[in-house]
Amino acid sequence: MGVLTDVLAGVLGGFAFVADIGRQAGWALLPATVVFLLVRRLPRAAVVLALGGLGGALLAAVVPLLVAVWLSTGEGGMNLAFFDDVLGLTVTSALLLMVFQPVLPAKRWWVLGTALLVVGFGTAAVASGSASLAVVLSAGAIGVLWAGTVGLLSRRWVSDQSGAHAAGWLTMAVGHSDRLRLAPERGSPSPSLARAVAALGAVLVLLAGTVAAIGSFVIVPSAAVQEVDDRIIDWFVSIRSDGLSALATVLDAAGNTPGIIAVQLAAVPIALALTRRRAPAVLLVTAVVGETAVYLVAGALVGRARPEVDHLSMMVPPTSSYPSGHVAATVVTYGAIALLVLAWSRSRWRYAVVPVAVLLVAGVVLARLYWGLHFATDTLASVVFAVVWLAACWRVIRPGPGPGPGSGRERAVSIRNAHTRAWREPPEIA
């Protein structure tokens, strides 16, 4: 019975984490998808998605106020804390399914999986006592009705140039489904899935072991290293002021969990739209997932205590001070974006992404030190292992456009022509 209780608590905690991240960073998903549709020359579907999302957000804000006024008790007589979360998740999931359903493999399984996600989230909210069953059911029903209304009213407007209208219940943009598909994989430089997973898995094991060993046998036991770390932290404490604290808060936003997730939610669909290849999106996700694995394993093995100073951050993570997950996530996220821009863009301004990425990483490093959450060696180790991991991901996944036939000038011409076709022509359907 105790094991079952622990499992249930873990599931509820997982859904609570999803809800918290959704509140803080989920707003980036629909805007990024709207950008994706605009890049793929689907303006009508983009307008419908944007209006549907805005309408859902308005309902999530207005309905609880109307209920509170109707009850004349504020929110004291009814717990509406999870109403906007359930409604927002329902509307977002339904709208995305309506747009992308025409190109999804195993459509029924996608619909079933999405429904289970929404139902599971609502069940967890009720089981944990965070929301009542009436609130969850009403939020879900309103979300389904709103998304259904948007889909039904827009079916005839979101059509292709030949006049063929969307077919199927609550399905949009089916006439333009060729523009939603990615380019064919012929000639792709990406390696086989099994080989890539094996290679990256081996790098992860080596990295986690190396980072943990350095922390356990070099950094933590060394009195000289600790003395230098303490001096650096004491200096940051000595310069604290209200202005610098506000600046540190802004700088840290680029590397905290909601910030990284928001950037990922925006960068992944935009990378898919611009490159029409899976590899760039896979690079972005794999880099962050692998970095998190190394950080968690190394931190658990080392268990270094955080600096013994006042922590200005409102929330101090219970994890180890060594290494810094925020710094590592910043390196791989903005480093991956910079590498993709350099590889795919032909603008003379593309090199500007390098100093921008470096400044973002430096800002997060300084913010973590200023707040007293990490020692300097924690951040240095994170930068080094994150750079190594990102380089391994780039080497294995190979998300660049790839060389064309011939060499030198012919390859450059081939790549430039491929970019031109990607913008002007719809992708070829296999």
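Quick note on the numbering used here: the sequence shown kicks off at 1 and runs consecutively. By construction, the Cβ of each residue, glycine as well, lies at the ideal position given by its N, Cα and C atoms. Small disclaimer: the values here were computed from a predicted structure and weren't measured.
Asked: In the DSSP assignment, the alpha helix (DSSP H) including Trp110 goes from what residue to what residue?; Found: 107-127
Asked: For Thr379, does the three-state DSSP call read helix, strand or coil?; Found: helix
Asked: Quick check on the DSSP output: the alpha helix (DSSP H) that includes Glu227 runs from which residue to which?; Found: 223-238
Asked: Terminal residues of the continuous alpha helix (DSSP H) containing Arg368?; Found: 353-370
Asked: Examine the Cβ distances between the stretch 45-63 and the stretch 84-103 and report whether three or more of them are shorter than 8 Å.; Found: yes
Asked: Based on Cα-Cα distance, which residue from Ala196, Gly55, Ala198 lies nearest to Ile142?; Found: Gly55
Asked: With a threshold of 8 Å, are at least 3 pairs of Cβ atoms found where one atom belongs to the stretch 240-252 and the other to the stretch 343-358?; Found: no
Asked: Is Val32 helix, strand or coil by DSSP?; Found: Note on identity: in this sequence residue 32 is Ala, with Val being the wrong assignment. It is helical.
Asked: Does DSSP put Arg195 in a helix, in a strand, or in coil?; Found: helix
Asked: Can we say the stretch 287-297 touches the stretch 200-209, given the rule of at least three CB pairs closer than 8 Å?; Found: yes
Asked: Whose C-alpha, out of Gly53, Thr377, His326, is nearest the C-alpha of Val228?; Found: Thr377
Asked: Is it buried or exposed for Phe217, if we count other Cβ within 10 angstroms and need 16 for buried?; Found: exposed
Asked: Got a sec? Which residues, its chain only, sit under 6 Å from Val353 by beta carbon, not counting five neighbours each side?; Found: Ala338, Val341
Asked: With burial defined as no fewer than 16 other Cβ atoms inside 10 Å of the residue's Cβ, what is the status of Pro269: buried or exposed?; Found: buried
Asked: Contact check, Thr330 vs Val361 under 8 Å by CB: the rounded distance?; Found: 5 Å
Asked: Might you give, ordered along the chain, the residues of its own chain that have their beta carbon closer than 7 Å to the beta carbon of Leu38, omitting 5 neighbours on each side?; Found: Ala46
Asked: Note the first and the last residue of the continuous alpha helix (DSSP H) segment covering Trp157.; Found: Note, Trp157: premise wrong, no alpha helix (DSSP H); not H, not E.
Asked: By the three-class DSSP mapping on this structure, what secondary structure does Arg44 have?; Found: helix
Asked: Beta-carbon of Val396 versus every beta-carbon of chain B: anything under 8 Å?; Found: Judged by its chain identifiers, the structure shown contains no chain B, having just a single protein chain.
Asked: What does the Cβ neighbour count give for Ala351, buried or exposed, with the cut at 16 atoms within 10 Å?; Found: Here residue 351 turns out to be Tyr, not Ala, going by the sequence shown. Label assigned to Tyr351: exposed.
Asked: State buried or exposed for Asp252, treating a residue as buried only when at least 16 other CB atoms are found within 10 Å of its CB.; Found: buried
Asked: Can you confirm whether the stretch 259-267 touches the stretch 301-321 when touching is taken to mean that 3 or more C-beta pairs between the two stretches lie within less than 8 Å?; Found: no
Asked: Can you tell me whether DSSP reads Thr292 as helix, strand or coil?; Found: helix
Asked: Relative to the C-alpha of Leu145, which candidate in Ala343, Thr90, Leu117 has its C-alpha closest?; Found: Thr90
Asked: With DSSP as the reference, label Arg304 as helix, strand or coil.; Found: coil
Asked: In terms of residue numbering, what span does the alpha helix (DSSP H) encompassing Trp344 cover?; Found: 325-344
Asked: What first and last residue would you give for the alpha helix (DSSP H) that runs through Ala267?; Found: 257-275
Asked: Determine whether the beta carbon atoms of Gly299 and Pro323 lie at a separation below 8 Å.; Found: yes
Asked: Do Phe385 and Ala336 count as a contact pair if the criterion is CB distance below 8 Å?; Found: no
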